[in-house]
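A.B. asks: For reference, the structure I am asking about is given below.
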Ligand code: V47
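Numbering (the numbering used here), first residue to last: 10 to 376.
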């Protein structure tokens with residue numbers, strides 16, 4: 010039986026027809042795909058879409074993650090990284106500490122630095138603009154992907170500035186792109202349980218839209234595999250699709266598989282590979298206006314990330330270096346990979362490894 014026959018005789022044959030014709034999928038289609046008993050069928054559909062968009066290419070980025078502090082007033086139940094200022098686990102880097110981390114890797118061909126922390130109750134807004142200004146001075150060609158929509162809302166609160174003024178000052182200091190964190194699941198029911206002190210889903214979307222309208226592009230995430238329902242996952246994806254129709258500002262979508270260890274939700278079982286792969290595939294199928302789907306190897310593990318490239322993902326993220334958020338919650342992956350390892354992982358999965366920057370512009374040999 011060939012792929013076409015398998016899909017045409019499946020329980021979701023009508024959805025496959027829509028996908029083939031390039032028709033937009035509905036909320037009910039999304040729910041049915043999640044309920045489909047055969048993840049391979051869903052994966053085959055997503056692979057068809059992914060190959061149409063990106064062919065044999067699978068992307069990676071040479072990047073560096075820097076967490077300036079883990080002190081955070083939000084106390085989200087799914088997070089093992091954030092802590093109170095008084096905790097023995099609390100840390101806070103100075104601007105000089107951050108510059109030291111950048112200096113340590115000046116001889117590496119890093120194109121992106123990803124900087125995030127928590128909502129620190131005492132650091133002034135000037136600290137964040139200084140980080141950007143000083144890092145850009147040291148590495149002018151690097152793309153700075155820093156501060157989630159949650160941090161932008163926090164900076165507005167502590168500075169008394171509007172979110173637009175905050176974004177404008179950050180942009181002038183060197184901010185290029187906002188990372189996709191903090192989106193979690195937009196449903197207010199879920200947020201009340203897992204992150205009641207965090208900004209609402211509506212606020213996250215509004216700030217992302219504002220950034221897009223100001224010319225600052227961003228990524229989007231979905232934290233799945235905790236207390237959310239299938240319907241809430243589909244709702245999350247469709248709200249992102251709706252905003253993207255309006256702004257076209259999202260570069261890439263990253264489904265984040267929940268890592269339960271050391272969190273207040275440690276009783277929740279680890280997300281299975283089947284669920285991760287299905288969620289990635291359905292993201293590819295529903296988000297018809299977001300060009301890239303990232304299989305973040307840190308949260309998925311390398312083995313599942315390789316298979317995810319056949320389930321709709323076209324990117325593995327990058328070298329990362331010093332990942333803390335997933336590892337403090339029990340992620341078993343390494344915390345860094347070299348370019349050679351990333352290339353091998355992608356080629357072994359049957360794809361052409363292509364280095365990209367934050368905007369998915371091809372860099373290096375293949376440019
Ligand atoms: O916002 C927190 C999530 C996010 C856990 O934009 C957890 O390119 C799993 O957003 N298990 C941070 N996930 C990571 C993130 C990200 C990573 C890589 C690339 C990009 C990008 C963005 O991690 C948080 C939260 O949603 N998170 N705790 C946990 N226990």
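Note that CB positions come from ideal geometry on N, CA and C, so glycine has one too.
With respect to the alpha helix (DSSP H) encompassing residue 312, which residues constitute its N-terminal and C-terminal limits?
C.D. replies: Locating residue 312 in the chain shown gives position 303, where the first residue counts as 1. 311-317 is the extent of the alpha helix (DSSP H) around residue 312.
A.B. asks: Could you check the C-alpha separation between residue 9 and residue 127 for me, to the nearest Å?
C.D. replies: What is shown of the chain runs 10 to 376, which leaves residue 9 out entirely.
A.B. asks: Under the criterion of a Cβ to heavy atom distance below 7 Å, does residue 305 qualify as lining the ligand V47?
C.D. replies: As a first step, residue 305 must be located in the chain shown, where it is residue number 296. True, at least one ligand heavy atom lies under 7 Å from that Cβ.
A.B. asks: Three-state secondary structure (DSSP) at residue 375?
C.D. replies: As a working mapping, residue 375 is identified with position 366 in the chain shown. Low per-residue confidence applies at residue 375: pLDDT is 48, beneath 50, and the placement is therefore not dependable enough to give any value.
A.B. asks: With DSSP collapsed to three states, give me the class of residue 53.
C.D. replies: Walking along the chain shown from the start, residue 53 turns up at place 44. If DSSP states are grouped into helix, strand and coil, residue 53 belongs with the helices.
A.B. asks: Would you list, in sequence order, the uninterrupted alpha helix (DSSP H) runs of no fewer than 4 residues that lie entirely inside the segment 63-148?
C.D. replies: 104-113 and 134-147
A.B. asks: Would you kindly work out how many angstroms separate the C-alpha atoms of residue 355 and residue 239, rounded to a whole number?
C.D. replies: Position 346 of the chain shown holds residue 355. Position 230 of the chain shown holds residue 239. Inter-residue distance for residue 355 and residue 239 is about 30 Å (C-alpha atoms, whole angstroms).
A.B. asks: If we ignore side chains and look at the alpha-carbon of each, how far apart do residue 315 and residue 293 end up?
C.D. replies: As a first step, residue 315 is located in the chain shown; it is residue number 306 there, counting from the start. As a first step, residue 293 is located in the chain shown; it is residue number 284 there, counting from the start. Each residue's alpha carbon lies about 16 Å from the other.
A.B. asks: Quick check on residue 36: does DSSP put it in helix, strand or coil?
C.D. replies: Stepping through the chain shown from its first residue, residue 36 is reached at position 27. Note: residue 36 maps to helix in three-state DSSP.
A.B. asks: Since residue 247 contacts residue 295 with CB under 8 Å, what's their CB separation in whole angstroms?
C.D. replies: Here residue 247 refers to the residue found at position 238 when the chain shown is read from its first residue. Here residue 295 refers to the residue found at position 286 when the chain shown is read from its first residue. Contact between residue 247 and residue 295 holds, with the beta-carbon distance rounding to 7 Å and staying under 8 Å.
A.B. asks: Quick check: the Cα distance between residue 168 and residue 141, rounded to an integer number of angstroms?
C.D. replies: The sequence position of residue 168 within the chain shown is 159, counting from 1. The sequence position of residue 141 within the chain shown is 132, counting from 1. Using only the alpha carbons, I get a separation of about 17 Å.
A.B. asks: Beta strand (DSSP E) containing residue 325: first to last residue?
C.D. replies: Numbered from 1 along the chain shown, position 316 holds the residue referred to as residue 325. Looking at the DSSP string, the run of the beta strand (DSSP E) that includes residue 325 is 324-327.
A.B. asks: From 65, 49, 107 and 89, pick the residue whose C-alpha is nearest to that of residue 76; which is it?
C.D. replies: Residue mapping note: residue 76 aligns to position 67 of the chain shown, counting from 1. It is 107.
A.B. asks: What residue from 189, 216 and 188 has the CA that sits closest to residue 9's CA?
C.D. replies: No information on residue 9 is available, as it lies outside the stretch 10 to 376 that the chain covers here.
A.B. asks: Quick one: grab the DSSP three-state call for residue 334.
C.D. replies: Indexing the chain shown from 1 puts residue 334 at position 325. Coil, per DSSP.
A.B. asks: Between the alpha carbons of residue 70 and residue 146, how many angstroms are there, rounded?
C.D. replies: The residue labelled residue 70 in the question sits at position 61 within the chain shown. The residue labelled residue 146 in the question sits at position 137 within the chain shown. Computed Cα separation, rounded: 21 Å.
A.B. asks: Excluding the five sequence neighbours on either side, which residues of its own chain have a C-beta within less than 6 Å of the C-beta of residue 288, listed in chain order?
C.D. replies: Walking along the chain shown from the start, residue 288 turns up at place 279. Within the same chain, residue 288 has close Cβ partners 233 and 264.
A.B. asks: Between residue 362 and residue 99, what straight-line distance do the alpha-carbon atoms span, to the nearest angstrom?
C.D. replies: What you label residue 362 is simply residue 353 of the chain shown in a count that begins at 1. What you label residue 99 is simply residue 90 of the chain shown in a count that begins at 1. Distance between the alpha carbons of residue 362 and residue 99: 38 Å.
A.B. asks: Terminal residues of the continuous alpha helix (DSSP H) containing residue 168?
C.D. replies: Mapped onto the chain shown, residue 168 falls at position 159. Start and end: 158-168.
A.B. asks: Of all the options 311, 272 and 269, which has the alpha carbon lying nearest to the alpha carbon of residue 286?
C.D. replies: Position 277 of the chain shown, counted from the first residue, corresponds to residue 286. Considering only alpha carbons, the answer is 311.
A.B. asks: Quickly, what does DSSP pair residue 266 with across the bridge? List them, please.
C.D. replies: For this step, residue 266 is matched to residue 257 along the chain shown. 233, per the DSSP bridge assignment.
A.B. asks: Using 8 Å for Cβ pairs, my map puts residue 144 next to residue 122. What's the rounded Cβ distance?
C.D. replies: Working through the chain shown from its first residue, we reach residue 144 at position 135. Working through the chain shown from its first residue, we reach residue 122 at position 113. Residue 144 to residue 122, Cβ: 6 Å. Contact.
A.B. asks: Within the same chain, show all residues whose beta-carbon is closer than 7 Å to that of residue 163, passing over the 5 residues directly before and after it, in chain order.
C.D. replies: Counting from 1 along the chain shown, the entry for residue 163 is found at position 154. Excluding positions up to five away in sequence, the list reads 128.
A.B. asks: By alpha-carbon positions, which one of 360, 358, 368 and 346 ends up nearest to residue 117?
C.D. replies: Here residue 117 corresponds to residue number 108 of the chain shown, with the count starting at 1. Among 360, 358, 368 and 346, the Cα nearest to that of residue 117 belongs to 346.
A.B. asks: Looking at the unbroken alpha helix (DSSP H) that takes in residue 212, where does it start and where does it end?
C.D. replies: As a first step, residue 212 must be located in the chain shown, where it is residue number 203. Residue 212 -> alpha helix (DSSP H) spans 210-222.
A.B. asks: What are the boundary residues of the beta strand (DSSP E) that includes residue 358?
C.D. replies: What you label residue 358 is simply residue 349 of the chain shown in a count that begins at 1. It is not in any beta strand (DSSP E) - residue 358 carries neither H nor E in the DSSP assignment.
A.B. asks: Which of the three DSSP states, helix, strand or coil, is assigned to residue 171?
C.D. replies: As a working note, residue 171 is residue 162 in the chain shown. DSSP places residue 171 in coil when its eight states are reduced to three.
A.B. asks: Name the two residues that bound the continuous beta strand (DSSP E) containing residue 152.
C.D. replies: Sequence index remark: in the chain shown, residue 152 carries index 143 (1-based). Residues 152-155.
A.B. asks: Beta carbon of residue 324, beta carbon of residue 67: below 8 Å?
C.D. replies: As a working note, residue 324 is residue 315 in the chain shown. As a working note, residue 67 is residue 58 in the chain shown. Yes, these two residues count as a Cβ contact at 8 Å.
A.B. asks: Which residues bound the alpha helix (DSSP H) around residue 249?
C.D. replies: Your numbering for residue 249 matches position 240 in the chain shown. 239-256 is the span of the alpha helix (DSSP H), which, as asked, contains residue 249.
A.B. asks: Mind checking whether the beta-carbon of residue 194 lies closer than 7 Å to any heavy atom of the ligand V47?
C.D. replies: By one-based count along the chain shown, residue 194 stands at place 185. No; taking the cut-off as 7 Å, the Cβ of residue 194 has no heavy atom of the ligand V47 nearer than that.
A.B. asks: Excluding five sequence neighbours on each side, which residues of the same chain lie with their C-beta closer than 6 Å to the C-beta of residue 12?
C.D. replies: As a position in the chain shown, residue 12 is number 3, starting the count at 1. Here the set comprises 53.
A.B. asks: Any contact of the segment 219-232 with the segment 272-282, i.e. 3+ C-beta pairs under 8 Å?
C.D. replies: no
A.B. asks: State the DSSP-derived secondary structure class of residue 179, mapped to helix, strand or coil.
C.D. replies: Mapped onto the chain shown, residue 179 falls at position 170. If DSSP states are grouped into helix, strand and coil, residue 179 belongs with the helices.
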